[in-house]
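If you read the sequences in order, they're chains S, C and L.
Read left to right, the first sequence gives residues 1 to 278 (this note's numbering).
Read left to right, the second sequence gives residues 1001 to 1766 (this note's numbering).
Read left to right, the third sequence gives residues 2001 to 2156 (this note's numbering).
One structure below.
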Amino acid sequence: MKQVLFPSNMEELWNMWRDNPGAGLMAGGTDLLVKLRSKRIDLKTIICLEKINELQQIHTDGSQISIGAMASHQQLLDNQVVKSRLECLHQAVAVLGSPPIRHMGTIGGNICTASPAGDTLPPLYVLEAKLELASPTGSRLVPIKEFIYGPGKTVLAPMEMIKQLIIELPAPGVKTGYYKVGQRKSLAISVCSLAVYLQQAADGSIAEARLAWGSVGPTVMRFPEVEALLQGRKILLDLLKECGQAVAGKVKPITDLRAGANYRRQLAASLLMRLLPD
Amino acid sequence: MKDRAVAAGTALPRADGPGKICGTEKYAADYYHEDMLWAGVKNSDHAHALIEAIDVSGALLIPGVHAVLTHKDVKGTNRVGVPESDQPVLADYKVCYKGDPVALIMAESRELIEKAAAAIKVEYQPLPPVFDPEQALLPDAPVLHENRADKNLLLNGTIERGKGALALEECAFIVEGEFHLPAQEHAYLETETGVAWLNEDGVLELVASTQTPFRDRLELAHALGLPADQIRIKAPYLGGGFGGKDGITVQGLLGLAALHSAGRPVKMWNSREQSFLASSKRHPAHMHYRLGCRQDGSLHALSCRIVLDSGAYASLGGPVLALALEHAAGVYRMENVHIEGFCVYTNNPISGAFRGFGAPQVLAALEQMVDMLADKLGMDPLEFRLKNAVNRGDELGSGVLMSRSTGITACLQAMQQHPLWIDRRQWEKDAPPFKRRAVGIAAGLQGTGYGPVVADVANAKLELLLDGRFRIYSGVADMGQGNNPTNVQIAGEIMGQPADAFELLQPDTGRSLPSGSSSASRTTYSFGNALQGACLLLKDRILARVGQMGMGIYKEDLLLAPGRVRHIPSGKDIPLTFIAAAMSESERVSINTFTAPVARHKDIVDPAVAAAGFPHLVFSFACHLARIEIDELTGEVTVCDYLACTDGGRVLNPQLYEQQIQGGIVQGIGYALWEDFKVSAGEVQSTNLSTYIIPGSLDVPDIISLPVETVEDTGPFGMKGIGEIGINLPYPAIANAVARATGKRIKTGPLSAERVWQVLQAGEEQ
Amino acid sequence: MLIKFYLNGDLKEVNSDPDKRAVDLLREDLGLTGTKEGCGEGECGACSILVDGVSKLSCLMLAAQLDGHNITTIEGLADGEKLHPVQAAFVDRGAVQCGFCSPGMAIAALDLLRRNPHPQRIEIRQGLSGNLCRCTGYQKIVDAVEAAALEMGDKL
């Protein structure tokens, strides 16, 4: 039998964690309990974070939004600021898992699972989210791209957790989006995904482009060289093909049950075509 | 009691609906007992190996582990399987695939079973495995079942008609194709499960999720060494079956466990992973086809070779092959055919019955060939099919005489007049940017029942209860298709009673009568016929009894009405309670046997194939149309619209009819586009529902179902079985559409986004 | 540990291992076998329950997580013999075949209709997209939810 603890605030959490050093934190449980069931991990103590109110809050403060690590995907889906200002993240949670998974799963959990296929990750990479990591001794701010360094690998220190995400709201006029290829339309793990962040200049050319791909490498990938190709140019078929070629040479996909490496590589390129105006 | 009699032909809501939707209907999975033990297995670590020793001592040391059994604890033959009894309840001297159970564990919890399994040590002497059926046929291939004269060949059959393959030379146009189709997993929501216990009389009782309670009883008797009358099996509503529970799944293990549980009830409920590993699949198929026609478009010659991978054991592989041979030439007339087939043992997971029973594979291949040939000839594919389709009195290419209702021409004509067909060119042209659209069609058939050798018998029992209601003793399990609720409709129509006048007993070898399996599109056809007779018998008796009560001698004067018999001339009503009280117990029960008619024409195949069920007499027919859209950027295929024109005889209940058509089609769309049960060197790769992709609610369209009603006068109320026909055609209809959209044939299923994307890129045949 | 929660309107106090799965607590300890299990890992939706009105997967919840919450299982929908409109629509529209996914489907439908009382068919399909069904092809389930929405109006 495992011990299950429910801290109701951060202080209780630290105390419980200190008393149970090997304990695992449970956010929504949609990954953790699957792993426990298949014996990929074993835990004597589970500290369930769902009763810590402050971790579930979403606040908009001027130009930035802070999202508690325990905010559920459904909360993000229902949040008006996320919907109107962080479209890429909103689109990603809309196709993440399924309705009950979205009711249970949390953004902090999705980040900590650190799967290259995690649906919230490419949007967070293009939004250049910062993570506030908290521990009993204080907190630090880490950019998302530095937080994950491999499949399931994060820089979390012992007794450290994600407390919240901080995202600068894109300037008005910035367009963001998320495009996913999965094996079906729900309950699907992405075979390849792409998040985009495009700021256009007055003449319609690209002032700033950020692109992040999921499921085509050990972590979500961004390529400054490819983003630079778009700089100052207009979104036209030839340009996207040029970018696609560059991307196909850079991604590092694997072959697994869901898809072959080459298919993923080419998807990384062809998903760029979704940027063409309708 | 609602006062109106139910009528055949109406959309009577299913009697099982309320209990199921309220969560009160008990499935086998829902039985728990006080003081119950859980049972589970230790699987083989090898695909092919001799067992040298099994050491269970480590497991027995774990507190809460009650017992660990091995083959030595099995007193009977330790073999199950019909018609070939070759599968061990617990592996004895060897293992033949990685799901073979080596030991059976009983413990206080499921967690302990996993622990105990890990603590059991088995010494193996590995044998060379064989995973490819073609290689398994080679003379020097490793042999799975050494006692078999034919080694790894389970069954082989050939149909040779006219000049056979030689006639291809006389054809003006010939096409050739080779197709590989993967295993398909049933993926019913309720995995294999049951409970078993020894009752106070020493009778072994089982409640199991099974399509075959009566057959299971005989199998268990042999395998476990018990008299059949010491075994009682109940089959509550199943949480899905589709053929995967056509025979023994956990019943042998459960029975064995209950014999060694010191009187405690035992429950077994496979995890999804165990289910995927150990349950049977649709046979993977390798098919080589050549098809030719004359200058005028009349089909002239077919040559094909069909190889089915049976996996480690026979299961129903023989009958599946026989049905594949029978359906291999589809719904067409042609005089010259050479059809040969092989069902072969390998060290892969077991294949067995699955809705369609061999027909989905061969029709996937044939119906693509038909499209290819029509294209080559330059004829419209629908016209081409109409030109060659059988009518009553014709013989199929496989030689089977169409002597019963034959509605394929009517189905094709209905499709021809449908807007989805008429408007297809415009719809294709309207494809948005980066999308390609195409429309594909396919036609096919499905035989009903067991064929000419194994008698297809149903025994219906109906009882007038003292409260004036009736009890129907269903003899065929209901795996979800609604055959037992349909019994209410049949009996209600004949007995003039409302639906709630019936109590529906689910199959119970102790109370109902053996009526065969829930399979082969036969449940309502065979049991419905039997029930119809039982109803007429009891109705006659009731009316006769009323006559004896002084209501005259004219039965025409009497109307069996809800809860009463009315004497029409006088307007007097006599309550059924009153009549029931006047009848003796045996008088209130009627029993009727129905034996399905069989095709009795001259031999086309050798006796072994005939014994496996060739040929059938009654067939359902259908043609399907799929409108698909391909995303050029990703290769993803979306089925936008779907039309099915089905000849299932007269429609007994439009709602249940649609249920079968829609459900079969969606399972078939899954087979066409996503479902790929991957096995690598005998090891299952698609271990769960996250890696084996079945369609969800967003992946499939609404389906238009047009019943094309013929009258099948051997069927109850003119109906024919439609449980399987729906799944036979989505694969070829979609494949034909994909080929139209891409200009290429994908020869390996499923038509995954990755494969479609590859042919879009390649510009050449895969 | 002692777990206290409202189950279908009634206060329950159950002693349970805290790490027992919620689905096992409901089915084995409390005998509410209407909640089904089809995969054990959140892929099929058969084990769906309402937690404070929100659909969640009881195979991915610990018993301890029920504590203090208002839990509705499929057994809590009907009012005695009278089916909930969603249940009645499932029966009338032929949405139930083998029925093993049906309780989870009904729970998903309730969650959907609470959020969106007048859904389009595509929205219904989205709302049910966490629940696998192997029998129906989904069409009649969508029909049923559509009919239930009409029947209930804004009453949910």
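Even glycine gets a Cβ: it sits at the ideal position worked out from N, Cα and C.
Remember, it's a predicted structure, so these values are computed and weren't measured experimentally.
- request: Just the chain C side, please: which residues come within less than 9 Å of L:Pro-2103 by C-beta, in chain order?
  value: Reading the third sequence from its first residue, position 103 is the one you call residue 2103 of chain L. Neighbours of L:Pro-2103 on chain C, chain order: Lys-1020, Ile-1021, Cys-1022, Gly-1023.
- request: Measuring alpha carbon to alpha carbon, tell me which of L:Pro-2117, L:Gly-2053, L:Phe-2090 ends up nearest C:Pro-1013.
  value: Taking the first residue of the second sequence as 1, we reach residue 1013 of chain C at position 13. Ranking the options by Cα distance to C:Pro-1013, first place goes to L:Phe-2090.
- prompt: Measuring CA to CA, which of L:Gly-2099, L:Pro-2119, L:Gly-2094 is closest to C:Gln-1659?
  reply: By one-based count along the second sequence, residue 1659 of chain C stands at place 659. Taking only the C-alpha atoms, the option nearest C:Gln-1659 is L:Gly-2094.
S:Arg-210 - containing beta strand (DSSP E), residue span: Here the question's residue 210 of chain S lines up with position 210 in the first sequence. Per DSSP, the continuous beta strand (DSSP E) segment holding S:Arg-210 begins and ends at 206-214.
message: Suppose the cutoff is 6 Å on Cβ atoms and the five residues either side in sequence are ignored; what does the same chain contact list for C:Glu-1724 look like?
response: What you label residue 1724 of chain C is simply residue 724 of the second sequence in a count that begins at 1. Excluding positions up to five away in sequence, the list reads Arg-1355, Gly-1356, Gln-1446, Ser-1521.
task: Compare the beta carbon distance of C:Thr-1486 and C:Gly-1528 with 8 Å and say whether it is the shorter of the two.
output: As a working mapping, residue 1486 of chain C is identified with position 486 in the second sequence. As a working mapping, residue 1528 of chain C is identified with position 528 in the second sequence. With contacts defined as CB atoms closer than 8 Å, C:Thr-1486 and C:Gly-1528 qualify as a contacting pair.
query: In chain order, what residues of the same chain lie with their CB nearer than 7 Å to the CB of C:Ala-1007, ignoring the 5 residues before and after it?
result: As a first step, residue 1007 of chain C is located in the second sequence; it is residue number 7 there, counting from the start. These residues qualify, in order along the chain: Glu-1493.
message: Taking DSSP's pairing of strands, which residues face C:Thr-1748 in a bridge?
response: Numbered from 1 along the second sequence, position 748 holds the residue referred to as residue 1748 of chain C. Looking at the DSSP output, C:Thr-1748 sits in a beta bridge with C:His-1180.
- prompt: In angstroms, rounded to a whole number, what distance separates the CA positions of C:Gly-1017 and S:Leu-36?
  reply: Within the second sequence, residue 1017 of chain C is the residue found at index 17, counting from 1. Within the first sequence, residue 36 of chain S is the residue found at index 36, counting from 1. Straight-line spacing of the CA atoms in C:Gly-1017 and S:Leu-36 works out to 36 Å.
field: Within 8 Å, strictly: CB atoms of C:Met-1372 and C:Gly-1177
entry: Within the second sequence, numbered from 1, the residue matching residue 1372 of chain C stands at position 372. Within the second sequence, numbered from 1, the residue matching residue 1177 of chain C stands at position 177. Contact: yes.
task: Pull up the DSSP beta-bridge partners for S:Val-251, would you.
output: One-based indexing of the first sequence puts residue 251 of chain S at position 251. Partner(s): none; S:Val-251 has no beta bridge.
query: Taking the C-alpha atoms as reference points, what is the distance between S:Leu-267 and S:Cys-192?
result: Counting from one through the first sequence, the residue named residue 267 of chain S turns up at place 267. Counting from one through the first sequence, the residue named residue 192 of chain S turns up at place 192. Between S:Leu-267 and S:Cys-192, the C-alpha separation is close to 7 Å.
message: DSSP three-state label for C:Asp-1045, please.
response: Residue mapping note: residue 1045 of chain C aligns to position 45 of the second sequence, counting from 1. Reduced to three states, the DSSP call for C:Asp-1045 is coil.
- request: Would you kindly check if the distance between the Cβ of S:Val-220 and the Cβ of S:Arg-264 is under 8 Å?
  value: Within the first sequence, numbered from 1, the residue matching residue 264 of chain S stands at position 264. Within the first sequence, numbered from 1, the residue matching residue 220 of chain S stands at position 220. The beta carbons of S:Arg-264 and S:Val-220 sit no closer together than 8 Å.
- request: State whether the region 2018-2035 of chain L contacts the region 53-67 of chain S, with contact taken as three or more CB pairs (one from each stretch) at a distance under 8 Å.
  value: Touching, no.
- prompt: Between C:Cys-1645 and C:Val-1708, which are expected to be in contact by the criterion C-beta below 8 Å, what is the C-beta distance as a whole number of angstroms?
  reply: Translated into the one-based positions of the second sequence, residue 1645 of chain C becomes position 645. Translated into the one-based positions of the second sequence, residue 1708 of chain C becomes position 708. Indeed, because the Cβ distance is near 5 Å, the residues count as touching under 8 Å.
message: Along the region 1477-1495 of chain C, where does the CB come closer than 9 Å to a CB of chain L? Name the residues.
response: Listed by position, the residues of the region 1477-1495 of chain C near chain L (Cβ gap below 9 Å) are Asp-1478, Met-1479, Gly-1480, Gln-1481, Gly-1482.
query: Which residues in the same chain as S:Gln-3 place their Cβ atom closer than 6 Å to its Cβ, once the five residues preceding and following it in sequence are excluded?
result: The sequence position of residue 3 of chain S within the first sequence is 3, counting from 1. Here the set comprises Thr-45.
- request: Answer yes if the region 198-209 of chain S comes into contact with the region 1710-1721 of chain C, meaning at least three C-beta pairs across the two stretches below 8 Å, and no otherwise.
  value: Counting Cβ pairs under 8 Å, fewer than three are found: no touch.
message: Strictly under 8 Å for the Cβ-Cβ distance: is C:Thr-1742 near chain S by that measure?
response: As a first step, residue 1742 of chain C must be located in the second sequence, where it is residue number 742. C:Thr-1742 does not count as touching chain S.
- prompt: Can we say the region 1238-1256 of chain C touches the region 1210-1221 of chain C, given the rule of at least three CB pairs closer than 8 Å?
  reply: Output reads yes: the region 1210-1221 of chain C touches the region 1238-1256 of chain C.
Listed by chain order, chain L residues near S:Gly-29 by CB distance under 7 Å: By 1-based counting over the first sequence, the position of residue 29 of chain S is 29. Chain L residues near S:Gly-29: Leu-2060, Met-2061.
query: What residues of chain C sit near S:Val-181, judged by a beta carbon separation below 8 Å?
result: Taking the first residue of the first sequence as 1, we reach residue 181 of chain S at position 181. Within 8 Å Cβ-Cβ: Thr-1634, Glu-1636, Ala-1753.
- request: For the region 52-102 of chain S, list the alpha helix (DSSP H) runs that are entirely contained and at least 4 residues long, ordered along the chain.
  value: Within the region 52-102 of chain S, complete alpha helix (DSSP H) segments of at least 4 residues are found at 73-78, 80-85, 87-94, given in chain order.
- prompt: Grouping DSSP H, G and I as helix and E and B as strand, with all else coil, what is C:Phe-1354?
  reply: Residue mapping note: residue 1354 of chain C aligns to position 354 of the second sequence, counting from 1. DSSP, reduced to helix, strand and coil, places C:Phe-1354 outside both helices and strands of the structure shown, so it counts as coil.
message: When you compare the CB of C:Lys-1281 with every CB in chain S, is at least one pair closer than 8 Å?
response: Reading the second sequence from its first residue, position 281 is the one you call residue 1281 of chain C. With its beta carbon at least 8 Å from every one in chain S, C:Lys-1281 lies outside the interface.
- request: Determine the burial state of S:Ser-270: buried for a count of at least 16 other Cβ atoms within 10 Å of its Cβ, exposed for fewer.
  value: By one-based count along the first sequence, residue 270 of chain S stands at place 270. Classification of S:Ser-270: buried, given that the 10 Å Cβ count is 16 or more.
query: In its own chain, which residues sit with a C-beta less than 7 Å from the C-beta of C:Val-1666, not counting the 5 before and 5 after it?
result: Counting from 1 along the second sequence, the entry for residue 1666 of chain C is found at position 666. Excluding residues up to 5 positions away in sequence, Pro-1695, Val-1700 lie with their Cβ nearer than 7 Å to the Cβ of C:Val-1666 in the same chain.
field: Where C:Met-1479 falls, given that 16 or more other Cβ within 10 Å makes a residue buried
entry: Taking the first residue of the second sequence as position 1, residue 1479 of chain C is located at position 479. Buried, since its Cβ has 16 or more Cβ neighbours within 10 Å.
S:Ser-270: first and last residue of the uninterrupted alpha helix (DSSP H) it sits in: Stepping through the first sequence from its first residue, residue 270 of chain S is reached at position 270. From DSSP, the alpha helix (DSSP H) with S:Ser-270 extends over 261-270.
message: At the level of alpha carbons, what is the spacing between L:Met-2105 and S:Arg-102?
response: For the purposes of this step, residue 2105 of chain L is taken as the residue at position 105 of the third sequence. For the purposes of this step, residue 102 of chain S is taken as the residue at position 102 of the first sequence. Distance between the alpha carbons of L:Met-2105 and S:Arg-102: 16 Å.
message: I want to see whether chain C comes within less than 8 Å of L:Lys-2140, judged by CB atoms only; does it?
response: Looking up residue 2140 of chain L in the third sequence gives position 140. Output row for L:Lys-2140: interface = yes.
- request: Could you work out which residue in S:Arg-233, S:Lys-234, S:Gly-173, S:Leu-211 is closest to S:Phe-223 when comparing CA atoms only?
  value: As a working mapping, residue 223 of chain S is identified with position 223 in the first sequence. For S:Phe-223, the nearest C-alpha among the options comes from S:Leu-211.
message: Does C:Gly-1023 pass the burial test, meaning 16 or more other C-beta atoms within 10 Å, or should it be called exposed?
response: Stepping through the second sequence from its first residue, residue 1023 of chain C is reached at position 23. Per the 10 Å Cβ criterion, buried.
query: What does C:Pro-1695 reach in chain S if we use C-beta pairs closer than 8 Å?
result: Position 695 of the second sequence, counted from the first residue, corresponds to residue 1695 of chain C. Chain S residues near C:Pro-1695: Arg-184.
message: Counting only C-beta atoms, is C:Asn-1625 closer than 8 Å to chain L at any point?
response: As a first step, residue 1625 of chain C must be located in the second sequence, where it is residue number 625. According to the sequence provided, residue 1625 of chain C is Leu. The question's Asn does not apply to it. With a threshold of 8 Å between beta carbons, C:Leu-1625 makes no contact with chain L.
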